[in-house]
Every structure is written in structure tokens, then in C-alpha cells.
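These notes concern the structure reproduced below.
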Amino acid sequence: MIETNSRAPRLGKRLTREFFARSVHRVAPELIGATMLFEGAGGVIVEVEAYHHTDPAAHSYNGPTPRNLVMFGPPGFAYVYRSYGIHWCANVVCGAEGVGSAVLLRAVEPTSGIERMRARRGVDDARLLAGGPGRLTQALGITDAHHGAELRRPPFALSIAERGVEVVTSTRIGISRALERPWRYTLSGSTFVSRPRPRA
DNA sequence: CTCTTGATCTTCT
DNA sequence: GAAGATCAAGAGC
Numbered sequence: 001m002i003e004t005n006s007r008a009p010r011l012g013k014r015l016t017r018e019f020f021a022r023s024v025h026r027v028a029p030e031l032i033g034a035t036m037l038f039e040g041a042g043g044v045i046v047e048v049e050a051y052h053h054t055d056p057a058a059h060s061y062n063g064p065t066p067r068n069l070v071m072f073g074p075p076g077f078a079y080v081y082r083s084y085g086i087h088w089c090a091n092v093v094c095g096a097e098g099v100g101s102a103v104l105l106r107a108v109e110p111t112s113g114i115e116r117m118r119a120r121r122g123v124d125d126a127r128l129l130a131g132g133p134g135r136l137t138q139a140l141g142i143t144d145a146h147h148g149a150e151l152r153r154p155p156f157a158l159s160i161a162e163r164g165v166e167v168v169t170s171t172r173i174g175i176s177r178a179l180e181r182p183w184r185y186t187l188s189g190s191t192f193v194s195r196p197r198p199r200a
């Protein structure tokens, strides 16, 4: 399904805490087209997934644990977890404090600090620099050291696109529960997503 | 191009 | 003890 996120209430404006305090299902599509930098490296967010606290696929589904505690904290902070023992994956906490919802950052189209991203990743192809949640954190240099950090403050820099963009919804990647929920959001036509263009 | 498998370790059962 | 919001390399077509 394709829609435009032009109704985003804060297009072109600096992100506020209220931006993240809304439903994860409203925040997620509005992050598509936003620019995300970490210590100056990063680019345009082209793929995210929403994880709601009532969602069996969400880490927060069974309530707070030491790992997911940040998800239950205030919105706008980073939930960083270890994936498959190897990678780091980064989320943005959304919704009211205590709810336990977050948006997984899955792919960025590189626009800034590309050489640093290449050095960290060890590859040249721009589509392989930050296309995938593990690749994204490695390219930008995000680790568990930034777990619980606020996305509105350095070294993060996040800004919503000046204009609305076409957003495609599809099913999420790599999960084994709640497979049918269409909570993956990608920038329409982008070749920088973690997997080929989702079937619309 | 697609499919399969190994790496590696924290969390939860 | 198994599973997991992943990735890269290798085999096969």
C-alpha cells in the first residue's frame, strides 16, 4: 500500500519530544524521508518497522526486562540491542512513557560522512553501507554505548523532510510472529532499502 | 539471481 | 537449551 506522509505535522521543523510521544504507527511512516546523522555520518531514512507493545513480535510484548527497559522509558530515546550475538540494532522509543513501543531503524540512504561509513563497513557499494539494521548501526558507529541516549541531542541529529514523501507499507522482515502485520515502511522506489522493493 | 549455512551471544524457557 | 527485529559467503541455476 502506498500513501504520502505529507500530513506529518512537523515537516521541516525541529523534532520535539511530542513528535515521538504519539503512536508508533503514526511516527514510523513520518520518519521515512527524514535525515538522520550520527556524529555527522548518515543520510535519509528509507526503511523502518513499527513494534507496538501489543505486538507478539515486539521485544516489549511480555513486559519490561533488563534488556528492553528503555522501551518503557520516555519517547525519543534509543533502544539498542544485540542481534544474533553479532550486530547492534537501533530503535527509537515512541508513545507515552511506560507504553513500550519503538521504531526499528532499518535502512538509510547515505548522504553524509560516506567515506567514514565505507571505512567502518569495509565495502564501497553505497547500497550496502546502511541497508539493513545491523549494517546501519555499523556504518554510523552506533553501539550499546548509545543505548538510552536521546535522539534529539548530539551525537544524534534528526530532522524531518521539508516535504511529504511517498511511503510504501509492507510486512516486516526477519520475524516469526505476527508476520501478516503491514508495519514495515519504506520510501517508495528507493534502492537503498534492506531488501528489494516490497510488493505493494 | 536464489537458496543454504555458519558466525556468535544474550535472553528467556 | 533454543531462539532470535542479521549478515556474508558460497553453491547452484
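Numbered continuously in my numbering, the first sequence closes out at residue 200.
Glycine included, every Cβ here is placed at the ideal spot set by N, Cα and C.
Burial state of L179 is exposed, judged by a 10 Å Cβ sphere holding fewer than 16 other Cβ atoms. In this model, F156 and T111 are separated by some 15 Å (Cα to Cα). Around the beta carbon of G63, fewer than 16 other beta carbons sit within 10 angstroms, so the residue counts as exposed. Of the candidates T169, H25, Y81, P74, Y81 places its Cα closest to the Cα of N68. Contact annotation: V46 and E109 have beta-carbon atoms nearer than 7 Å.
Of the residues assessed, G76 falls on the buried side of the cut-off, its CB having 16 or more other CB atoms within 10 angstroms. Apart from the 5 residues on each side of it in sequence, A58 sits with its Cβ closer than 7 Å to the Cβ of Y51, H52 in its chain, given in chain order. At a Cβ-Cβ threshold of 7 Å, V48 and A28 count as neighbours. Out of F192, S194, T169, the CA that lies nearest to the CA of W183 is found in T169.
The C-alpha of Y61 is placed about 6 Å away from the C-alpha of T54. When Cβ pairs closer than 8 Å are counted between the two stretches, the stretch 132-144 is seen to touch the stretch 25-44, the count reaching three or more. With fewer than 16 neighbouring CB atoms inside 10 Å of its own CB, G85 falls in the exposed class.
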